[in-house]
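Structure first, commentary second.
Chains as they are written, first to last, in our numbering: chain A, 34 to 232; chain U, 64 to 460.
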């Protein structure tokens, strides 16, 4: 079922993390302002956090700030340790809001080397820029791709998807990249949008 | 390998993305001086299939089909992590029947062995030990047969459902499982005989691809890669799920941090996984429910739709619009064959996942190659890639 035809039966939640019972999770959850992010992370590091477990992002188009960057940290011992010495390490989740008109976050690559690829991935798929990243370029999508595919307003399929600009490599003809569809493709799209009422 | 650039004593080579020793579609651009690697840059994304985006556009149940395709060597670990996370959001974690949990553990441990078999077979081929591949794939074949019996497909059975399982184990499954349990120790002995004390194998792997403990933490390595550096962090012990606290097993640890240590850790893990399977097998004889008794999450048995109007309605609703999950976000992790496999899932109260963010262990394990490969030989880099065991379905998603 194309997403453009069957809308999701969604609740009205604009900020789901705020609604949730924190007792469900085994992580300590903290919302941090992006200006204070680096200080907080440096403080966490000093207090024994040893691993940047994961770094992801979520798009809430109705909310301000629009994006959430989600950092997961883990406190493992810094030396050789048995199962009992590791015990149950603390998991910490930081949620950082990022506004859409100024999508910039400080990079953590100088603190944790493994922040490199996930930061590039968020840049690639959400269009959030990490200032201070040494090599910020697309990682999953082709280098000449346009748009940020994991944003909610990036259509998956259907007429709206067909109308988004195409990257150069996808074109089999001599139509320049980014040009709107023409000829038989345009006619077919028009018929389709008349049928579905999507203009 | 194509020569990209040559200047003085150094040469820039592009290895992959179609090179067999890169275990998929990894491109490594190396600067070599003679045969010594001076710099290694990696290019990934050749297998990007937009699984996260697809999952957002499918029902909660449908999404697990694409999620199983991330780590395609161990699809059941992915499915388990996903269903556990959704069950947490639904608040039904405590209601999952014991038998369903046992079968989940059984199949996930079998998948761990199957995944390590692929790793061992291909890793050995990289180093030049061809025959080992057939011994390893023989075990894997038996496990895929078991998966097929249980779920209907060899690789991606989509057998785990939110709330339980898609049907009980079929007749004859336990007999086949017993055959595997009986055959396994002899096969493992053969694999160890082939490699463990083989002087060529030891020469090629000892002190190759050494990752220090500090670097392992800095690169976010988990699973066998971290455990080969000396930290016994295993999600099954640290954050037990699906009843793992009820099984006896050890967490193999080594301290050397080289390719040989990772090899030994994984071999020991296969033995430990079989130990868990034997314990589950002993508990599987008594029948019981295999899913929560809640028609809003798991549709009632198909046979009942000709007898009961409610059952028909529940089936219709389940197929046409799935079920809703209360709004919220959750992080759930399991110990996959490659390390901590986590899912950060957000629900907005609708019938589709709002966001599914996996924490792919291969992505983090593989990143350290940039550092580990430098200073070694090109041939050793191939060994290092093999010993990190990346799966590109998961790295690229």
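Quick reminder that beta carbons are idealized off the backbone N, C-alpha and C, glycines included. Fair warning: this is a prediction, and the values are worked out from it, not measured in the lab.
Query                                                                                                                                                                                         : Result
Give, in chain order, every residue of the segment 426 to 438 of chain U whose Cβ lies closer than 7 Å to some Cβ of chain A.                                                                 : 426, 427, 430
Taking Cβ positions, are residue 406/U and residue 148/U nearer each other than 8 Å?                                                                                                          : yes
Closer than 8 Å by beta-carbon distance: list the chain U residues that pair up with residue 139/A, in chain order.                                                                           : By Cβ distance, chain U contributes nothing, its closest Cβ being about 18 Å from residue 139/A, past 8 Å.
Which ranges would you report for the alpha helix (DSSP H) in the segment 67 to 145 of chain U if only whole runs of at least 4 residues count?                                               : 114 to 119, 123 to 130
Please report the Cβ distance between residue 73/U and residue 91/U, rounded to the nearest whole angstrom; I am assuming they are in contact, meaning their Cβ atoms lie under 8 Å.          : With 8 Å as the limit, residue 73/U and residue 91/U do not qualify as a contact, their Cβ atoms being about 15 Å apart.
Thinking C-alpha only, which one of 48/A, 49/A, 165/A, 59/A is nearest residue 124/A?                                                                                                         : 59/A
Given a threshold of 16 other Cβ atoms within 10 Å of its Cβ, counted over all protein chains shown, does residue 173/A qualify as buried or as exposed?                                      : buried
Return helix, strand or coil for residue 233/A, following the three-state DSSP convention.                                                                                                    : Since the displayed chain A opens at 34 and closes at 232, residue 233/A lies outside it and no answer follows.
Strictly by DSSP, which residues pair up with residue 100/A?                                                                                                                                  : 92/A, 131/A
For residue 89/A, return the contacting residues in chain U, with the cut-off set at a CB-CB distance below 7 Å.                                                                              : 407, 420
What does DSSP give as the partner residues of residue 407/U in its beta bridges?                                                                                                             : 394/U, 420/U
Within the segment 273 to 349 of chain U, note down every full alpha helix (DSSP H) run reaching 4 residues or more, in order along the chain.                                                : 276 to 281, 287 to 290, 298 to 301, 322 to 346
Listing by chain order, which chain U residues have their CB less than 7 Å from the CB of residue 115/A?                                                                                      : 295
Which complete beta strand (DSSP E) runs does the segment 103 to 161 of chain A hold, if anything under 3 residues is left out?                                                               : 124 to 131, 137 to 139
CB residue 279/U to CB residue 288/U, shorter than 8 Å?                                                                                                                                       : yes
Would you tell me roughly how many angstroms separate the C-alpha atoms of residue 496/U and residue 430/U, rounded to the nearest one?                                                       : This structure leaves residue 496/U out entirely; chain U is present only between 64 and 460.
If you measure beta-carbon to beta-carbon, which residues of the segment 148 to 173 of chain A are closer than 7 Å to chain U?                                                                : 149, 150, 172, 173
For residue 455/U and chain A, any beta-carbon pair shorter than 8 Å?                                                                                                                         : no
Would you mind telling me which residues of chain A sit closer than 8 Å to residue 282/U, beta carbon to beta carbon, in chain order?                                                         : 146, 147
Measuring alpha carbon to alpha carbon, tell me which of 66/A, 163/A, 97/A, 104/A ends up nearest residue 84/A.                                                                               : 104/A
Whose Cβ in chain A lies nearer than 7 Å to the Cβ of residue 113/U?                                                                                                                          : 182
From the DSSP output, read off the bridge partner residues of residue 60/A.                                                                                                                   : 124/A
Taking the Cβ atom as the reference point for each residue, do residue 47/A and residue 100/A lie within a distance shorter than 8 Å?                                                         : no
Starting from residue 31/A, trace the alpha helix (DSSP H) in both directions and tell me its first and last residue.                                                                         : Past the boundaries of the shown model lies residue 31/A; chain A is included only from 34 to 232, so the question cannot be answered.
Mind listing the chain U neighbours of residue 58/A? Cutoff is C-beta to C-beta under 7 Å, in chain order.                                                                                    : 393, 394
Taking contact to mean 3 or more Cβ pairs, one atom from each stretch, closer than 8 Å, check whether the segment 155 to 170 of chain U and the segment 215 to 230 of chain U are in contact. : yes
For the segment 133 to 157 of chain U, list every residue whose C-beta sits within 7 Å of some C-beta in chain A, in sequence order.                                                          : 151
Can you give me the Cβ contacts of residue 123/U inside the same chain, cut-off strictly under 8 Å, excluding the 5 residues immediately before and after it?                                 : 149, 225, 385, 386, 388, 414, 415, 416
So, using beta-carbon positions, are residue 127/U and residue 145/U closer together than 8 Å?                                                                                                : yes
Do you know whose CA, among 139/A, 175/A, 179/A, lies nearest residue 68/A's CA?                                                                                                              : 139/A
Is it buried or exposed for residue 113/A, if we count other Cβ within 10 angstroms and need 16 for buried?                                                                                   : exposed
Are the beta-carbon atoms of residue 314/U and residue 290/U separated by less than 8 Å?                                                                                                      : yes
For the 8 Å Cβ check, are there 3 or more pairs between the segment 350 to 367 of chain U and the segment 150 to 159 of chain A?                                                              : no
In the structure shown, what three-state DSSP assignment does residue 371/U receive?                                                                                                          : coil
Apply the 10 Å Cβ neighbour rule to residue 446/U and answer buried if 16 or more other Cβ atoms are within range, or exposed otherwise.                                                      : buried
For residue 165/A and residue 238/U, I'd like the C-alpha separation in whole angstroms.                                                                                                      : 59 Å
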